[in-house]
Each structure stands twice: as structure tokens, then as C-alpha cells.
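These notes are about the structure you will find just below.
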Amino acid sequence: MLLLAVDLVLIPKIYSYLQKQRTNKILTTISPWQIGHCSRQIAMAMLQFPQERLTPQQLLVFEHGNSMHDRYQSYFEKMGILVAKELPLNSKSENKWTSHQCKILRIRGRTDAVVKVDGVDYIIELKSAKDKSFNNMKRYGPYESYRDQLQLYMFLTQIKNGLILVENKDTQELAEFDFDYNEDHSGRLVKKINTINDYVMNLSLPPIEFKADSFECTYCGFKSICRQKDVEKYIKENAVWLQVLLKAQTHPDYFKYRKEGA
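Just add 407 to the spot in the sequence shown (first one is 1) and you have the numbering used here.
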């Protein structure tokens with residue numbers, strides 16, 4: 408029997424479950440996966456601006472990405488090359504360099520994987536893409552935002568070799584892109600992070616970077632409020648709460664670092 412939308416039994420429950428799974432912790436820190444996005448979008452997320460609710464289809468896309476990560480981490484482990492999966496990047500990281508950088512840059516996140524191949528450690532960034540996007544990357548290389556993310560991982564871990572592994576969602580074909588650590592590139596990212604943190608800690612927003620019809624804005628969760636004249640009204644109304652939250656989630660080393668003019 409064909410069920411109408413109002414009669415659906417399982418699908419609404421699946422969507423409801425996925426929506427609950429996507430409920431994020433209240434964080435004012437920067438996640439490495441965000442670094443390729445526009446500074447204003449990152450700052451709005453850090454300042455807890457309300458985002459548009461993800462559609463059921465978008466929820467499933469994210470879930471597909473998570474399952475892809477699990478799959479390849481399992482492959483790497485069974486191949487005997489996995490050094491670490493989802494290596495933590497935060498103020499409590501075991502690596503002193505990583506811990507210090509996460510404190511002074513207000514970073515919290517994790518890598519997709521670290522593997523050792525022929526005696527060489529690699530940071531692995533796992534991505535999946537539709538056929539058209541996949542073929543564009545094969546021809547022109549991975550998106551700049553992917554490269555930014557990988558370079559930031561390499562900077563934070565001091566692992567000098569990185570691979571972006573992309574799976575074609577439609578055909579399961581794989582593409583691999585090898586990158587060395589680039590100090591100039593990571594330096595630009597650190598400068599961007601410092602600028603974003605300065606805005607956020609002062610309860611303000613960076614300027615708009617893109618036109619409203621750009622790719623970046625079309626898929627941004629803040630597009631409905633970003634250009635409103637009174638957009639910073641939300642910050643003013645929540646200033647006390649935000650200041651308490653920022654103080655609680657900022658290590659004292661950050662203030663020393665910024666005071667020194669870094």
C-alpha cells in the first residue's frame with residue numbers, strides 16, 4: 408500500500424533522530440573545519456547567532472559524511488597504518504605544541520585520521536563529493552577550503568605531510584591529493600584566526616566578504632540575518648551571557664598572547 412506523507416511511519420522518526428544528533432554544544436571556539444569559511448560566518452557561529460534549521464536532506468548528507476569517516480578509519484586500522492583516528496585538537500591535547508596553539512588561538516576540534524605509510528606520518532582529510540564536484544577536483548585540485556583545513560591541521564600537529572582523500576558519492580571512485588606543510592599558508596590562517604577572535608572577544612562581527620548571490624552565501628546558515636541592519640542587536644541583547652561564556656571558554660594564555668601583540 409502506498410503511504411501518503413501524513414501516514415509515514417519511519418521517515419519522520421529518522422529525521423527527528425538526526426536533528427537531535429546534530430544538536431551542538433555551545434562553543435565560542437573555532438573548529439578547524441570552519442577555517443575555509445568566511446570570517447563573518449565563523450564569528451556568528453562563535454557568538455551563538457541562531458542558524459537556519461537543516462533540511463532532512465542536509466542532515467542525511469552530513470550523516471553520509473560521518474559514516475564515510477568511520478569506514479575509512481576502519482580500513483586504515485585493518486591495514487595496520489592507523490596511528491590515530493580523530494586526534495583531539497584542544498587545550499588539553501597531549502602534544503604540548505598542539506595544546507599551546509589551541510589555547511592561544513581558541514581552537515577546539517579533531518583530525519579525521521593520522522596514518523603512517525612507508526615510515527611517513529600523514530594527516531588525512533576525508534571528503535565525499537557528487538560526481539560533478541569530484542571530477543572538477545580531479546581536474547583542478549581540491550577546494551581551497553579543504554586545503555585551508557589540511558594546512559591548519561598540519562600546523563597544529565606539526566605533521567608536515569597531508570593527504571586529502573575524496574570519495575565520489577555516485578561511483579565510489581577515489582581521488583588523492585598530496586600536500587606538504589606550507590608555512591606561509593598556515594601563517595595566513597593564523598592571522599585570520601587572530602582577527603576573528605579579536606572581533607568575537609569584542610562582541611562584534613567582521614565585515615561582509617561576499618555578494619548575497621555567491622556560493623558562500625547561498626549555503627550559509629546565517630544568510631537570512633547576516634545583512635540585516637540591526638544584525639548586531641542579538642549581540643547587545645545577549646552581551647552579559649556571551650561575556651560569561653567567552654571568559655569560561657578562553658584559556659588565560661590567550662590574553663597573554665594577545666597582550667604581547669601576537
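Don't be surprised by glycine CBs; every beta carbon is placed ideally from N, CA and C.
Note that this is a predicted model, so its numbers are computed, not measured.
DSSP places Pro495 in the strand class (E or B) of the three-state scheme.
For Tyr529, same chain residues with a beta-carbon under 8 Å away, outside a window of 5 residues either side, are Val521, Val522, Lys523, Ile566, Asn568, Gly569 and Leu570 in chain order. With a minimum length of 4 residues, the unbroken runs of alpha helix (DSSP H) contained wholly in the segment 601-629 fall at 622-625. With a beta-carbon spacing of about 19 Å, Ile449 and Tyr664 fall beyond the 8 Å limit used to define contacts. One Cα belongs to Gln508, the other to Leu581, and the distance between them is close to 33 Å.
It is roughly 42 Å from the alpha-carbon of Pro614 to the alpha-carbon of Phe483. The way I'd put it, the segment 540-550 doesn't touch the segment 472-491; fewer than three beta-carbon pairs between them come closer than 8 Å. A check of alpha carbon separations from Leu533 across Phe562, Lys539, Arg517 and Met451 identifies Arg517 as the nearest. Residue nearest to Gln464 within the set Gln635, Cys624, Arg634 and Pro419 is Pro419 (criterion: CA-CA distance). The three-state reading of DSSP puts Lys432 in coil, since its state is none of H, G, I, E or B.
Remark: C-beta atoms of Leu612 and Met451 approach each other more closely than 8 Å.
Where Ile437 is concerned, there is no enclosing alpha helix (DSSP H), because DSSP gives it neither an H nor an E. Here the alpha carbon of Glu493 sits roughly 26 Å from the alpha carbon of Gln458.
Non-local C-beta neighbours of Ile442 in its own chain, meaning closer than 8 Å and more than five positions away in sequence, comprise Ile449, Ser552, Asp555, Gln556, Leu559, Leu596, Lys599 and Ile600, ordered along the chain. Sequence-distant Cβ neighbours of Asn497 in its own chain, meaning closer than 6 Å and more than five residues away, are Cys509 and Arg515. The secondary-structure analysis by DSSP pairs Ile530 across a beta bridge with Val521 and Gly569.
The Cβ atoms of Ile632 and Leu610 lie no closer than 8 Å to each other. Under the DSSP assignment, Leu461 falls outside any alpha helix (DSSP H); it carries neither an H nor an E label.
Here the alpha carbons of Asp414 and Val527 stand approximately 55 Å from one another.
With respect to the 8 Å criterion, Ser535 and Glu574 are classified as neighbours on the basis of their beta carbons. Collapsing the DSSP output to three states places Asn502 in coil. Leu563 sits close to Thr505, with the two beta carbons spaced by under 8 Å. The DSSP-derived three-state label of Val651 is helix. Residue Thr462 holds the alpha-carbon nearest to the alpha-carbon of Leu425 among Tyr626, Thr462 and Lys630. Taking a 10 Å sphere around the C-beta of Gln480, we find 16 or more other C-beta atoms and assign the residue as buried.
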